[in-house]
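Protein chains in written order, with my numbering: chain A, 2 to 172; chain B, 71 to 144.
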């Protein structure tokens, strides 16, 4: 075991499903007494936007996603529709929103916190979020689009933080 | 008797750990907390949590599908 008690994460993805791992690890890391920094870059910037309601899952190009209905009789809930639905179906407008709604319902049924709740706990417990200035400019975001209390910086800042940390994950 | 009881039944990972951490922060050293949860991962997670932070996991028992932990703050 090294003496460093720091952990850094790079959050690079912005779909609803991929928003979970960095926030779960960041909050748990800080709960376990670590100093945690999360560098949000590219689509990971979505995690820091004031409004998170647009986050979606994309079954398109994701054939491994188990798809079970969160309602109905038990036998029906047991069917995994994932491998049964041809991927091209997900091109149909509206189906992605349907899949997202089903995923949110499944998460709620399983007592999984929402992204909003997890992020709030992260901030409350002192996770340091760094928003990548370069991608903010590239995507045309304004600083006002983001929540309060985060830092705006670039790759060098991340590397400086990661220099003393011994747990660094790219997500 | 625990000084505090935290019921996290129905909540999944990582909420039981996060709420326990927040509850412990408001307690004094040597006080104990009883945590009840249904998250199957919690049985190993609370061992790791206590191990990392130096709290004492006094006991862990199962009651049906519920897992009960007694943790002493250090």
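Where a beta carbon is used, it is the ideal one built from N, C-alpha and C, also for glycine.
Owing to the predicted nature of the structure, the values given are computational and were not obtained by experimental measurement.
Proximity of residue i and residue j at Cβ, strictly below 8 angstroms
i                      : j                      : result
residue 29 of chain A  : residue 87 of chain B  : yes
residue 131 of chain A : residue 154 of chain A : yes
residue 97 of chain A  : residue 59 of chain A  : yes
residue 27 of chain A  : residue 128 of chain A : yes
residue 143 of chain B : residue 85 of chain B  : no
residue 139 of chain B : residue 130 of chain B : yes
residue 49 of chain A  : residue 151 of chain A : yes
Alpha-carbon to alpha-carbon, residue j and residue i
i                      : j                      : result
residue 89 of chain A  : residue 55 of chain A  : 23 angstroms
residue 109 of chain A : residue 148 of chain A : 24 angstroms
residue 20 of chain A  : residue 116 of chain A : 7 angstroms
residue 105 of chain B : residue 120 of chain A : 23 angstroms
residue 189 of chain A : residue 170 of chain A : As shown, chain A starts at 2 and ends at 172. That puts residue 189 of chain A outside it, with no answer to give.
residue 51 of chain A  : residue 146 of chain A : 6 angstroms
residue 76 of chain A  : residue 17 of chain A  : 27 angstroms
residue 69 of chain A  : residue 99 of chain B  : 46 angstroms
residue 13 of chain A  : residue 94 of chain B  : 33 angstroms
residue 94 of chain A  : residue 86 of chain A  : 15 angstroms
residue 141 of chain A : residue 104 of chain A : 29 angstroms
residue 47 of chain A  : residue 71 of chain B  : 45 angstroms
residue 75 of chain B  : residue 126 of chain B : 16 angstroms
residue 161 of chain A : residue 113 of chain B : 36 angstroms
residue 43 of chain A  : residue 133 of chain B : 46 angstroms
Where residue i sits in the DSSP three-state scheme
i                      : result
residue 114 of chain A : coil
residue 12 of chain A  : strand
residue 149 of chain A : coil
residue 115 of chain B : helix
residue 38 of chain A  : strand
residue 139 of chain B : strand
residue 70 of chain A  : coil
residue 130 of chain B : strand
residue 102 of chain A : helix
residue 56 of chain A  : coil
residue 101 of chain B : coil
Residue-level contact to chain A via CB, residue i, 8 angstroms cutoff
i                      : result
residue 80 of chain B  : yes
residue 119 of chain B : yes
residue 91 of chain B  : yes
residue 85 of chain B  : yes
residue 127 of chain B : no
residue 88 of chain B  : yes
residue 122 of chain B : yes
Proximity test, Cβ basis, 8 angstroms: residue i and chain B
i                      : result
residue 135 of chain A : no
residue 47 of chain A  : no
residue 10 of chain A  : no
residue 172 of chain A : no
residue 163 of chain A : no
residue 127 of chain A : no
residue 166 of chain A : no
residue 1 of chain A   : With chain A covering only 2 through 172, there is no way to say anything about residue 1 of chain A.
residue 107 of chain A : no
residue 33 of chain A  : yes
residue 29 of chain A  : yes
residue 114 of chain A : yes
Whole-number beta carbon distance between residue j and residue i, since they are thought to touch under 8 angstroms
i                      : j                      : result
residue 82 of chain B  : residue 112 of chain A : 4 angstroms
residue 102 of chain B : residue 141 of chain B : 6 angstroms
residue 39 of chain A  : residue 23 of chain A  : 6 angstroms
residue 172 of chain A : residue 10 of chain A  : 6 angstroms
residue 106 of chain A : residue 71 of chain A  : 4 angstroms
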